[in-house]
Amino acid sequence: MEFAVSQILSGISLGGQYALIAIGYTMVYGILRLINFAHGDVFMIAGIMMIYMATTLPLYIAIPAMIICTVLLGFLIERAAYKPLRAAPRMSVMISAIGVSYLLQNLALYITGGQPKTYPRIPWISDTVTIFGARTYVVTLVTPFLVIALVVALTLLINHTKIGIAMRAVSKDFETSQLMGVKINTVISVTFIIGSFLAAVGSVLYFTNYPTVVPMSGAMPGLKAFVAAVFGGIGSIPGAVIGAFIIGICETLIKGTDYAIFSDAFTFALLIVILVAKPTGIFGEKTTDKV
Amino acid sequence: MANNVLHVENVTMQFGGVVAVDNLSMDINEGEIVSLIGPNGAGKTTAFNCITGVYEPTNGLVEFCGKPIVRNHPQGKMKKNYLGQNPDMYLGEVVANTPDIITQQGIARTFQNIRLWKSMTVFENVLLAKHMNAKQNVFSATFRFNKKEEERMREETMELLVQQGLDKYKDEIATSLPYGLQRRLEIARALAAEPKLLLLDEPAAGMNPQETEELTAFIRQIRDDYNITIFLIEHHMNLVMDISDRIYVIEFGKEIAHGLPKEIQKNPKVIDAYLGG
Amino acid sequence: MLITVLTSQKAPAAAAVLVGKNVAIVLGSYGSGVSIAASETFKNAGVAAMGITCTNPNVTAGNDHYFRICFLDPFQGTVLANFAAKELGAKKAYCLGELGNEYDQGLISYFTEAFKAAGGTVISDSFPTNNSDFTTYINKAKSEGCDVFFCPVSIAYSTQIVAQAATKDVSFAILGSDTLDDNMVLDAAKGTDIKLYVSTFYAEGGNADFDAGIKEYINTNADAKTANGGNDTISAVTAMGYDAYFVAIEAIKAANSTDPGAIKTALPTVKYTGVSGDIAFDDIGDAKRDTAYIKTADNDNAAWKFVTQQSAK
Amino acid sequence: MLNEKKKLNKGSLITLIIILVFLIATIVLENTINPNSLLFTVIRKAAVYSLVAVSMNLLNGFTGLFSLGQAGFMLLGAYTYAILTIPNDVRDIIYYLFQGSSFHVSTVGFFEGILGDTGVAAFISMILGVIIAIVAGGLVAALVAYLIGLPVLRLKSDYLAIATLGFAEILRAIFQWDKLGKITNGANALRGYPTFSDFNIKAENGATVLRLSSFIPLLFAGICILVIVLLINSSYGRAFKAIRDDEVAAEAMGINLAKHKMMSFCISSFFAGVGGALFAMFASTVQAKTFTSAMTYEIFLIVVIGGIGSISGSCIASFLYIACSEWWLRFLDNTQYINGTQLPLFRNGFRMVVFSVVIMVIVLFFRDGLFGDKELPDLFKKRRVKKDGE
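Next comes the structure, spelled out in structure tokens:
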């Protein structure tokens, strides 16, 4: 029994981390139709920044400083790597995304010299607590609630604020909203800012649970978060969150069985099945492109 | 009556709750030039796309030279909320062909907004229309065992370009030509597929009266030189009235008139539809 | 001439650089994957290479130009299995290795073979590369009631495993191979109640004057200190590198020339008592070793404590 | 372009001459200067990478299908080649963890059985065995490509990229699975099979008479690239370009999209498999863990640098890329001193950072890369046009 509880717990906590990243993917894809390959690496850079900042600054300064820097990084990536390619064909924007991801990974490798760095202990959420006999970090319990709170806040922002309506307009029809005077670049920047903010928060939770950061630790969670975004229906935020929890729990359960080595492979197999069977995912709506 | 080339029977196309084409029936016989006209958004291009397999009509039948190329009845969700008529007339076998199969059977088309291949020359654009019928496979083509086929395709293309007066632009990149010539090239490309039926989607769009005049003669001359049947959608009334043997008029997806040009000109319903009476 | 190679994919090119400078003998590498990948280049150039801590049999199997001064995986796996069964009295072992890493998988299969021979049962799993969530594997080992958790994985993963195990109040001991003999792993275990045992080539205290000499060098040389993880604990790789260097000199003396070919023929005859014990080569080119050091982590003050010299018998 | 009717135009002639000169220079150089110099490692690796880059360009550049599965097909080619050509006597040592392999046929052994296994006969049977194994590697990759292509080719461009990326990861997990150890040797490296250096012609006493170990990769890769060039200039090549330019128009002109996309996908995977086999010969060891998505990104960025839709662009870019990353820019990783003072940035990993910045600059500002969609022959033609003042 205790094994099942701890499995579900780590599954939920893993799902929560993926959710925070997946929301970033879904929002950027919804608006720019771009798979932001670099999003997973922004998440990793947030982790590394936190490590370097925590050595010099006290925690209550380091965390907000890291979040601001990550948001700045997200904003900068959009302005430097994607804005010039606004009119370019979709493939070159994706190439640029792969280029940024490649740059961030090599930069991290250069700064840390490839040595794994241990993440600082954050007072409250790094403590351990035992429920139903399974001992785990407090962060495992905090994550789902924090994710739900963030999703509610986000959905409110999207549905009831001016910038939110602009975002939805842009995601429905890029050209027309431009004609209607929506300042596209601000909308896109705001999307990246929110996405990076969530990635920063996500990285705090994720690296508290798994306290070692290496240059490649952003790549796999990033890809899995994207699978979750597609699974939930790309473009829909509740979809991304539910997809993330399902993927998190499935991955953990598979690790429990003796086919554990296929836990990553399972996620990709799931992706291919969804893309072929129901490309719009659970909540996505059908988009017919005109001839 | 000359034998029938295209027989469209009760074709209906429904997107969600909107019926774009409602129970449309048309017949086009060999050698005729038939036009389909109607105000904007009447469903003309949608009808075109149902015939050429781009869309699968919700209900109805299309036969080409007596052979069914498209046949469907309301299925799945559409069974419940189908708004069109005679839903159970075409139950049984469903025939759905992708556009390339329909083209191979002898129907070639042009597009409302010109769709030429921008990285290829004029010669290559037309040459490619020959690709589908060439007797070759990827190995014989790669290792040049299809010498004869390749030469035949090139000669036929050259011949067609000369006839269409496009041979001096042979090595120009297709999209660098002026608008009128691009339109002519797109029609030439459709002809290269040696069709029995040529579908023209607003060939005179964006042309001044003098160019439209040339186009009218050009279309009539194609019909005679290549003895093919032409079915076109057009807004330029003088082109339509001047060239068509028969005209169908549709509004909100339904046929409101059908007959000779002079009858259509005087038909009150057509005038209302256009002048918004 | 030092070349650091991160992935075995880059090894052939790095080896070509060394050979390009027509060196007399090559010391390296520390990892089996990289050594095997570079082996062909050394063979073509006719240069002898000496593995320092690469323990995979494939490095020397079927070739006459690759030697090594450390023990092999089959030996290390058996020693660890004997230690687990006899010293720790373990009946059930859980093995975890990185999928696709020949070092981890090799050690696990030898450990399993020896542990089963000693009457134990084994459950083994592999995790995908770049994995960071090990809690599920730890939960599984706990729920299966394993007495020992054997994870011969690279430093990046072993630090995470130890850190995550510390949060799960596990009863089993964590057993590691020479890759876990590193200060990063010590830090991860600091202040926790994790029982960590590691097999290695050399443990501090094995040779007093060598320890003193090396500590003095590390403390006086800033770069050396940072490279050593910021403190002066002596890791086994340092001792092995030291021994390899002297064995190379012995070979050059024996061949009394710096011609790679002559050194290659002279090397098998070299006998040298190094810091990590006496070194002699068998006909395949491997070192004749019969014992390995086992040490445990003293978690209160983050230092290694010598346990025993376990033999393969 | 090479069109059959007229004699080869001036541009292509010059290109052919350049290629021939380069081939002869390689043989001459290899047998004169120090054979272990880094130049030859670069030539061998660049030859392999240019074939794989061209095969990826055929798919991404000429058919407009954005696929990131190249590393997966290379893995298939490399493993098939290695499994088919490991000599039987060494086979069980290599598969030591799995008590020998369950696969005991070796193409080289097969020919040795027929022609005899000493001296010239052994050399010929080695060549034949290697060629058969390389082609088999390509076929296996193409077959698997067909299977994965059925569900995946209908997807939109960015979904296709992620699906093929995922597929390559699944393939790697399968090949590392110890249950398949008897065939793939699990996590352990496969080695001992014929490599490029086995093609050096040796006299009886073992002394090398003629070194061909850098010429052979160029020859194999060159033949395959020539086949791809012929394909692209054929009627099917034009069909692929039509699909890239405007899929709807292509379908309206009678081109069966599914069939042609699958053809392009399988042919590209075939040559990626052949590239994988050549990579195995270059690296002399085959391990699933080297065929990561990072390798696909590396090849894809080579295609981008060379120019999407340009074959000569991909070839030249892969030589430049490999030369820079393995040779010229290596100094960036070691600490550099200018008259005594140590330069700050130069330490391990700096080379890759400089590289990624260069790639970003190319992707953002030189979107067409070095050649755009032009080919080397066009370079010379352009000058001719100016002269005639057309």
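Top to bottom, those sequences are chains A, B, C and D. In my numbering, each number is its position in the first sequence, counted from 1, plus 2. In my numbering, each number is its position in the second sequence, counted from 1, plus 322. In my numbering, each number is its position in the third sequence, counted from 1, plus 25. In my numbering, each number is its position in the fourth sequence, counted from 1, plus 1. Glycine residues also receive a C-beta, built at the ideal position from the N, C-alpha and C atoms. Please read these numbers as outputs of a predicted model, since none were measured by experiment.
Identify the contact partners of residue i in chain A, using a Cβ-Cβ distance below 7 Å as the criterion.
i, result
"residue 298 (chain D)", "100, 104"
Interface residues of chain C around residue i at Cβ under 7 Å?
i, result
"residue 94 (chain D)", "86, 87"
"residue 196 (chain D)", "65"
"residue 97 (chain D)", "82"
Do you know how far the Cα of residue j is from the Cα of residue i?
i, j, result
"residue 300 (chain C)", "residue 83 (chain C)", "26 Å"
"residue 336 (chain B)", "residue 364 (chain D)", "44 Å"
"residue 89 (chain D)", "residue 110 (chain D)", "8 Å"
"residue 374 (chain C)", "residue 231 (chain C)", "Chain C is shown only over 26 to 338; residue 374 (chain C) falls outside these bounds and no answer can be derived."
"residue 288 (chain C)", "residue 72 (chain C)", "8 Å"
"residue 451 (chain B)", "residue 262 (chain D)", "18 Å"
"residue 495 (chain B)", "residue 84 (chain A)", "30 Å"
"residue 428 (chain B)", "residue 164 (chain D)", "37 Å"
"residue 146 (chain C)", "residue 116 (chain C)", "7 Å"
"residue 16 (chain D)", "residue 377 (chain D)", "7 Å"
"residue 170 (chain D)", "residue 90 (chain A)", "29 Å"
"residue 359 (chain D)", "residue 79 (chain C)", "36 Å"
"residue 119 (chain A)", "residue 260 (chain C)", "19 Å"
Quick one: give me the first and last residue of the beta strand (DSSP E) that residue i is part of.
i, result
"residue 381 (chain B)", "381–386"
"residue 580 (chain B)", "576–581"
"residue 123 (chain C)", "117–123"
"residue 158 (chain C)", "Unbroken run through residue 158 (chain C): none, as it is neither H nor E."
"residue 345 (chain B)", "340–351"
"residue 334 (chain C)", "328–336"
"residue 570 (chain B)", "568–573"
Would you mind sorting residue i into buried or exposed? The rule is 16 or more other CB atoms within 10 Å of its CB.
i, result
"residue 162 (chain A)", "exposed"
"residue 88 (chain A)", "exposed"
"residue 290 (chain D)", "buried"
"residue 182 (chain A)", "exposed"
"residue 482 (chain B)", "buried"
"residue 193 (chain C)", "buried"
"residue 178 (chain D)", "buried"
"residue 411 (chain B)", "exposed"
Keeping to the same chain, check which residues put their C-beta closer than 8 Å to that of residue i; ignore five residues upstream and five downstream.
i, result
"residue 92 (chain A)", "35, 36"
"residue 79 (chain A)", "40, 44, 102, 194"
"residue 440 (chain B)", "495, 496, 497"
"residue 159 (chain D)", "67"
At a CB-CB cut-off below 7 Å, which residues of chain D make contact with residue i?
i, result
"residue 441 (chain B)", "242, 246, 374"
Give the residues of chain A in contact with residue i, contact being defined as C-beta atoms less than 8 Å apart.
i, result
"residue 162 (chain D)", "37, 96"
Apart from the five residues on each side of it in sequence, which residues of its chain come closer than 7 Å, Cβ to Cβ, to residue i?
i, result
"residue 56 (chain A)", "64, 122"
"residue 66 (chain C)", "37, 40, 41, 44"
"residue 442 (chain B)", "496"
Please work out which residues of its chain come closer than 6 Å, Cβ to Cβ, to residue i, disregarding the five sequence neighbours upstream and downstream, and give them in chain order.
i, result
"residue 316 (chain C)", "334, 336"
"residue 12 (chain A)", "254"
"residue 322 (chain D)", "303"
"residue 329 (chain C)", "320"
"residue 127 (chain A)", "140, 141, 144, 210"
Mind checking which residues open and close the alpha helix (DSSP H) that includes residue i?
i, result
"residue 239 (chain D)", "236–246"
"residue 82 (chain D)", "71–86"
"residue 313 (chain D)", "312–327"
Going along chain C, which residues have a C-beta under 9 Å from residue i?
i, result
"residue 216 (chain A)", "155, 157, 181"
"residue 322 (chain A)", "Chain A is shown from 3 up to 293; residue 322 (chain A) falls before or after that span and cannot be answered."
Using a C-beta to C-beta distance shorter than 8 Å, which residues of chain B count as neighbours of residue i?
i, result
"residue 250 (chain D)", "433, 437, 438, 439"
For residue i, return the contacting residues in chain D, with the cut-off set at a CB-CB distance below 8 Å.
i, result
"residue 101 (chain C)", "Simply none; closest approach about 15 Å."
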